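In this text, residue positions in the sequence shown follow numbering that gives the first Met the number 0: the first is 0, and each later residue adds one. The C-beta atom is built at its ideal place from N, Cα and C for all residues, glycine as well. Small disclaimer: the values here were computed from a predicted structure and weren't measured. Reading through the structure tokens given below for one structure.
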Amino acid sequence: MPPTSSDAGDAGRSGAGPAMASLPRERATRVQLKPGRDAALRQGRLWVYRTDVYTVSDDAYDPGDIVQVVDARGRFVGKGYINPRSMIFVRLLTADPDEAIDRAFFRRRLERALALRQRLQAAQPDTDSFRLVFAEADLLPALIVDRFAGVLVIQTLALGIDRWQPLLVELLDELAAPQGIYERNDVPVRELEGLPQRAGFLRGRFDPRVVIRENGLPLVVDLARGHKTGYFLDQRDNRAALRRYVKGARVLDAFCHTGAFTCHALAYGAREVVAVDIQEEVLAVARENVEQVRRQLGSGEARVTFHHANAFDFLRARAAEGDRYDVIILDPPAFAKNRQALPGAYRGYKEVNLRAMKMLPPGGILVTCSCSYHMTRDLFEEMLRDAARDVGRRVRILERRGAAPDHPVLLGAGESDYLKCYIVEVW
């Protein structure tokens with residue numbers, strides 16, 4: 000098989016119409032699966048792993064081209080883009096053998112994604128930012144598109160979709176009419192696909208520091224330097240859920256990042272918020288966001304303090320000192336980026352939740368999250384039970400939550416159901 004090209008998809012980035020010769024082509028190549036490996040695909044999974052493959056009919060394709068996938072008896076399962084360098088050998092785009100993968104195909108898929116967000120009223124008078132395309136969940140594997148106020152940020156995280164990027168940018172410009180489009184492909188996962196990391200303007204020139212509105216609050220998003228696409232839109236509704244719990248409360252926001260939970264707690268009437276993060280640069284943005292929210296509220300009564308610290312160390316020290324909070328928010332980064340890291344991740348989640356439970360009075364509220372999809376809901380609840388038992392507390396689940404609806408879950412594609420947010424009462 001030919002080697003993967005590391006610069007596929009660079010053509011057409013200047014903004015001119017895509018050169019069709021550089022886009023992937025449909026091939027007659029057939030990827031045949033081992034016996035029984037088609038079942039998960041027929042139930043919704045879009046990933047064909049290298050270990051699922053029995054044989055490939057030929058090597059008459061370029062990495063990223065569209066190939067057919069057939070079961071062990073030669074029956075059609077689907078077609079999608081192939082990358083022999085990746086552990087995900089093929090990412091399926093369609094189960095219809097007659098559906099051409101071309102400009103019209105991607106336009107239909109983007110129109111469907113946009114129509115869903117319109118149906119969900121993802122953009123409202125008090126919220127102007129949302130996820131427009133959520134990869135597999137929108138049947139566009141490895142494509143992320145987020146809207147921040149008037150601009151779009153795009154990620155093409157696999158070789159196959161990256162080769163379509165010029166066309167996707169053209170279609171997004173046409174369908175969503177943004178003020179500009181920025182790419183955040185500076186993520187290590189692309190290297191597993193043989194792709195370089197890169198970031199920059201794809202359409203227009205604008206200040207990458209954008210002020211968005213979320214649940215009526217102004218928040219700064221740095222599209223060029225913020226995490227992922229610049230900001231975690233998936234927690235939007237979970238932040239709004241704080242309204243029921245924080246009025247008059249002393250709140251601890253561990254792993255506060257740029258302060259979105261802190262700002263919501265402030266807006267919803269907390270009397271004090273203590274915000275902690277290990278990164279000084281994100282704390283600087285958090286301070287800026289708090290000041291913006293204060294100006295909007297016209298009130299500076301609530302106290303907000305920031306601590307540049309490792310959240311594990313902070314929780315351990317404050318628990319030992321007997322510090323107490325009415326509400327504690329835990330929104331850490333992903334501890335389990337792969338299955339092999341899961342045992343260590345479990346210990347990490349248990350540690351921070353155990354320390355938090357120690358600092359809550361009877362009836363205190365714990366808002367605890369995991370964005371590791373390997374940490375399943377059942378495993379997360381087991382961890383909460385373990386932590387509660389070790390500190391002699393009882394936990395009552397008030398809300399089991401996930402990502403906002405603009406991050407839909409595709410049944411069969413477990414990676415789309417990644418975010419857990421539990422709001423629990425600790426006794």
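### Cα-Cα separation between C420 and A99, rounded to whole angstroms
A direct Cα-to-Cα measurement between C420 and A99 gives close to 39 angstroms.
### Task
Decide if I422 is buried, meaning its Cβ has at least 16 other Cβ atoms within 10 Å, or exposed.
Buried, since its Cβ has 16 or more Cβ neighbours within 10 Å.
### Message
Using a Cβ-Cβ cutoff of less than 6 angstroms, which residues in the same chain neighbour F311 once the five nearest sequence positions on both sides are dropped?
### Response
none
### Query
Which value, in whole angstroms, describes the spacing of the CA atoms of A428 and R212?
With the chain represented from 0 up to 426, any question about residue 428 goes unanswered, as that position is not in the structure.
### Task
Determine the direct distance from the alpha carbon of A274 to that of T405, and round the result to whole angstroms.
The sequence given here places Asp at residue 405; Thr does not occur at that position. For D405 and A274, the distance between alpha carbons rounds to 27 angstroms.
### Message
Suppose you measure from the CA of W46 to the CA of I87; what does that come to, to the nearest Å?
### Response
Those two C-alpha atoms are separated by around 6 angstroms.
### Message
I'd like to confirm something about G73: is its beta-carbon nearer than 7 angstroms to some heavy atom of the ligand COA, or not?
### Response
In the structure on display, the ligand COA does not appear, and there are no ligands present to speak of.
### Task
Tell me whether F75 sits in a helix, a strand or coil according to DSSP, three-state version.
strand
### Through-space distance from L158 to D6, alpha-carbon basis
Low confidence applies here, because D6 scores a pLDDT of 36, under 50, leaving its location unreliable; read the following figure in that light. About 9 angstroms.
### Query
Among R41, V68, P34, G79, which has the Cα closest to the Cα of R24?
G79
### Query
Does the beta-carbon of K357 have 16 or more other beta-carbons within 10 angstroms, so that it is buried, or is it exposed?
buried
### Message
For the structure I just gave you, are there three or more beta carbon pairs, one from the region 282-299 and one from the region 360-369, closer than 8 angstroms?
### Response
As far as the Cβ criterion goes, the region 282-299 does not touch the region 360-369, which means the pair count is below three.
### Query
If you draw a straight line from the alpha carbon of A175 to that of D233, how long is it in whole angstroms?
20 angstroms
### Task
Run the CB neighbour count on A269, radius 10 Å, all protein chains shown included, and call it buried at 16 or more, exposed below.
So A269 counts as buried.
### Inter-residue spacing [alpha-carbon to alpha-carbon] between D70 and L115
32 angstroms
### Query
If you draw a straight line from the alpha carbon of A340 to that of G347, how long is it in whole angstroms?
11 angstroms
#### Entry: Those residues which DSSP pairs with W46 across a bridge
R90
### Those residues which DSSP pairs with D221 across a bridge
Within the DSSP bridge table, the entry for D221 names R208 as partners.
### Message
Contact defined as beta carbons within less than 8 angstroms: I believe A264 pairs with I327. What is the distance between those atoms, to the nearest angstrom?
### Response
In fact, because the Cβ distance is near 11 angstroms, the residues do not count as touching under 8 angstroms.
### Query
Quick one: what does DSSP say D389 is sitting in, helix, strand or coil?
helix
### Message
With H, G and I counted as helix, E and B as strand and the rest as coil, what does DSSP make of T304?
### Response
strand
### Query
With distances taken between CB atoms, is the gap from L314 to R249 smaller than 8 angstroms?
Taking 8 angstroms as the cut-off, the beta carbon of L314 is found no closer than this to the beta carbon of R249.
### Task
Classify E110 as helix, strand or coil using the three-state DSSP reduction.
helix
#### Entry: E169 (DSSP reduced to helix, strand or coil)
Assignment of E169 by DSSP, reduced to helix, strand and coil, places it in the helix class.
#### Entry: Cut-off 6 angstroms between Cβ atoms - residues of its own chain near E271, not counting five sequence neighbours on either side
R249, R302
### Task
May I ask you to report which of helix, strand or coil DSSP gives F311?
Looking at F311 - three-state DSSP - the assignment turns out to be helix.
### Task
In the DSSP assignment, find the alpha helix (DSSP H) that holds R286 and state where it starts and stops.
279-296
### Message
If you measure between the beta carbons of N352 and L383, is that distance less than 8 angstroms?
### Response
yes
### Task
Ignore the nearest five residues each way along the sequence and tell me which others in T261's own chain have a CB closer than 6 angstroms to its CB.
D252, C255, V272, A274
### Query
For Y267, does the three-state DSSP call read helix, strand or coil?
Residue state for Y267 is assigned as coil, using DSSP reduced to three classes.
### Whole-number beta carbon distance between D161 and V152, since they are thought to touch under 8 angstroms
Rounded, the Cβ-Cβ distance is 15 angstroms, inconsistent with contact.
### Message
Please report the distance separating the alpha-carbon of V188 from that of Q120.
### Response
Roughly 31 angstroms between the two C-alpha positions.
#### Entry: Nearest-angstrom beta carbon gap, G77 and L40 [assumed within contact, 8 angstroms]
Between L40 and G77 a beta carbon distance of about 6 angstroms is seen, short of the 8 angstroms cut, so the two are scored as contacting.
### Task
With distances taken Cα to Cα, identify the nearest neighbour of A134 among A148, A112, F147.
A112
### Task
Taking 8 angstroms as the cut-off, decide whether the C-beta atoms of A259 and R243 are in contact.
No, the Cβ-Cβ distance between A259 and R243 is not below 8 angstroms.
### Message
By alpha-carbon positions, which one of A240, K227, A148, R44 ends up nearest to V209?
### Response
A148
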